[in-house]
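A.B. asks: Residue numbers (the numbering used here), protein chains in the order written: chain H, 35 to 146; chain P, 35 to 146; chain V, 35 to 146.
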Amino acid sequence: MQSVIHLVSGDETEQRTALNIARNLLDDESGSIDDIAIVAQAGGIHAVTTDGEHAEDVQSLLDDGVPFKGCSNTLAAFDLEESDLLDGVETVPEGAVEVTRLQDEGYAYLRP
Amino acid sequence: MQSVIHLVSGDETEQRTALNIARNLLDDESGSIDDIAIVAQAGGIHAVTTDGEHAEDVQSLLDDGVPFKGCSNTLAAFDLEESDLLDGVETVPEGAVEVTRLQDEGYAYLRP
Amino acid sequence: MQSVIHLVSGDETEQRTALNIARNLLDDESGSIDDIAIVAQAGGIHAVTTDGEHAEDVQSLLDDGVPFKGCSNTLAAFDLEESDLLDGVETVPEGAVEVTRLQDEGYAYLRP
């Protein structure tokens, strides 16, 4: 099974929950989760910037192979550059299109 | 592909994000999004009332053909009338049933 | 059709909305909803504890046959015991895996 986490909120507790859930999916002993993806947009984009509160946990998930995709529309709206994102965070033109595409491919949706 | 946005929160930042995402899906240059629907219920209903903070943006999306569906159970619970909704907002008996139905039809779910 | 509600937020308004939606799905006169499940994790776990604000409504939904599944990872993280959960609340090793599994089985996802 596959899961996409929508990191869309600027609320730090919700961001923390999203990252905890990603970690738990990764560590799941049932082995039923084959792929995880995290799409960051709107207020959630801050979680994947170099000066985000949760940079260390994002980096650790990246190191473990979890793909993070930042929304380019959000970067433009928030006056951020790709260089503000943590190394390894990819960009997609629009986060919600990516989340739609992943669900269309069979990913389950999680919005912590 | 098709996307349904669940406008379920009374938080104005989340409502703003939901409407921004609808606009971005509509303007998406990849052309991969065929249909969008927005279902408003619980605190999210306020966004589609005539005196909502975001009335102008909702109207603009309505004008561009995005269907908005307000939850009648919410209207009753909040002592609102259909006449309190912006012109063009339809009603459905229960928002969550409509969101379920749309996912069952193949819509991806987005909860900004 | 089937719906899973992700009770993942510690916000009491969001928890209230989640339980209202469960009740409305159950009472839906269209008869189109065959099954509902509620998965509680992260801040949402508090809603299904014996001293939660909404214990009475959770109990009423349990009495009406709605399954509630609490996340064991969350219990451990919050230093809670299974005995802190309302009678009838089951546990699953990881809430997000359960939500993924249910979507994989065809459940629509709702995150109030």
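A virtual CB, placed ideally from N, CA and C, is assigned to each residue, including glycine.
Can you tell me the Cβ-Cβ gap for G104(P) and A74(P), rounded? I've got them flagged as a contact below 8 Å.
C.D. replies: Confirmed, about 5 Å.
A.B. asks: Answer yes or no: do R135(V) and V42(V) have a C-beta to C-beta separation smaller than 8 Å?
C.D. replies: Contact: no.
A.B. asks: Can you give me the start and stop residues for the beta strand (DSSP E) that L41(H) sits inside?
C.D. replies: Taken as a continuous stretch (DSSP letters only), the beta strand (DSSP E) holding L41(H) covers Q36 to L41.
A.B. asks: Measure the alpha-carbon distance for A81(P) versus E90(P) and round it to whole angstroms.
C.D. replies: Between A81(P) and E90(P), the C-alpha separation is close to 10 Å.
A.B. asks: On a CA-only basis, which of E124(V), I39(V) and L53(V) is nearest S94(V)? Give me that one, please.
C.D. replies: Considering only alpha carbons, the answer is L53(V).
A.B. asks: Hey, how far is the Cα of E128(H) from the Cα of Y143(V)?
C.D. replies: Taking the straight line joining both Cα atoms gives about 22 Å.
A.B. asks: Confirm, please, whether the CB-CB distance from I67(H) to V131(V) is below 8 Å.
C.D. replies: In this structure, I67(H) lies closer than 8 Å to V131(V) by Cβ.
A.B. asks: Just to make sure I have the definition right: I need the residues of chain V whose C-beta is within less than 8 Å of the C-beta of S106(H). Which are they?
C.D. replies: The premise fails here: S106(H) is roughly 25 Å from chain V at the closest Cβ pair, so nothing lies under 8 Å.
A.B. asks: Against A76(H), what residues of chain P qualify as contacts under a CB-to-CB distance less than 8 Å, listed in chain order?
C.D. replies: Per Cβ cutoff of 8 Å: T51, N54, I55 and P146.
A.B. asks: Let me check one thing: in DSSP terms, what residues is A71(V) bridge-paired to?
C.D. replies: The partner list for A71(V) (beta bridge, DSSP) reads V38(V).
A.B. asks: What's the C-alpha gap between Y72(V) and E63(H)?
C.D. replies: Before going on, a small fix: residue 72(V) reads as Ile here, not Tyr. Distance between the alpha carbons of I72(V) and E63(H) is about 22 Å.
A.B. asks: If you draw a straight line from the alpha carbon of P101(H) to that of A110(P), how long is it in whole angstroms?
C.D. replies: Straight-line Cα distance between these residues: approximately 43 Å.
A.B. asks: Beta-carbon of A142(P) versus every beta-carbon of chain H: anything under 8 Å?
C.D. replies: Interface residue, yes.
A.B. asks: Going along chain P in order, which residues have a C-beta closer than 9 Å to the C-beta of S37(V)?
C.D. replies: By Cβ distance, chain P contributes A130, V131, V133, T134 and Q137.
A.B. asks: Following the continuous alpha helix (DSSP H) through L95(P), name the residue where it begins and the one where it ends.
C.D. replies: Counting along the chain, the alpha helix (DSSP H) containing L95(P) begins and ends at A89 to D97.
A.B. asks: Taking buried to mean at least 16 other C-beta atoms within 10 Å of its own C-beta, is E124(V) buried or exposed?
C.D. replies: Exposed, because fewer than 16 other Cβ atoms sit within 10 Å of the Cβ of E124(V).
A.B. asks: Buried or exposed: where does E48(P) fall if 16 or more other Cβ atoms within 10 Å of its Cβ makes it buried?
C.D. replies: Burial call: buried.
A.B. asks: Just to confirm, is the Cβ distance from G78(H) to L96(H) under 8 Å?
C.D. replies: Not a contact, by the Cβ cut-off of 8 Å.
A.B. asks: Can you tell me whether DSSP reads G86(P) as helix, strand or coil?
C.D. replies: Coil at G86(P), not helix or strand.
A.B. asks: Taking the alpha-carbon of A76(H) as reference, which of L60(H), E46(H) and F112(H) has the nearest alpha-carbon?
C.D. replies: That would be F112(H), whose Cα lies nearest to the Cα of A76(H).
A.B. asks: Of all the options Q36(H), M35(H) and V92(H), which has the alpha carbon lying nearest to the alpha carbon of T51(H)?
C.D. replies: Here the closest residue by C-alpha is V92(H).
A.B. asks: On the DSSP bridge list, what partners appear for T134(P)?
C.D. replies: Beta-bridge pairing links T134(P) to no other residue.
A.B. asks: Would you kindly work out how many angstroms separate the C-alpha atoms of L60(H) and M35(H), rounded to a whole number?
C.D. replies: Answer to the nearest angstrom: the Cα atoms are 12 Å apart.
A.B. asks: When the cut-off is 8 Å and only beta carbons count, does S94(P) lie next to chain H?
C.D. replies: For S94(P), the answer is no, since every Cβ of chain H falls outside 8 Å of its Cβ.
A.B. asks: Give a yes or no on whether 8 Å exceeds the smallest Cβ distance from T84(H) to chain V.
C.D. replies: Output row for T84(H): interface = no.
A.B. asks: How many angstroms separate the CA atom of V38(H) from the CA atom of E46(P)?
C.D. replies: Answer to the nearest angstrom: the Cα atoms are 25 Å apart.
A.B. asks: On the three-state DSSP scale, how would you describe L53(V)?
C.D. replies: L53(V): helix per DSSP, three-state reduction.
A.B. asks: Which residues share a DSSP beta bridge with T125(P)?
C.D. replies: Per DSSP, G104(P).
A.B. asks: Nearest by alpha-carbon distance to E115(H): which of Q137(H), N58(H), D85(H) and D98(H) is it?
C.D. replies: Comparing Cα positions, the closest option is D85(H).
A.B. asks: If I follow the unbroken beta strand (DSSP E) through A142(H), where does it start and stop?
C.D. replies: Note, A142(H): beta strand (DSSP E), A142 to L144.
A.B. asks: When you compare the CB of P101(H) with every CB in chain P, is at least one pair closer than 8 Å?
C.D. replies: P101(H) does not count as touching chain P.
A.B. asks: With distances taken from CA atoms, which of D118(P), G99(P) and N107(P) is nearest I70(P)?
C.D. replies: I70(P) has its Cα closest to that of G99(P), out of D118(P), G99(P) and N107(P).
A.B. asks: Going along chain H, which residues have a C-beta under 9 Å from V42(V)?
C.D. replies: Under the 9 Å cutoff, chain H gives E48, T51, I55, L144, R145 and P146.
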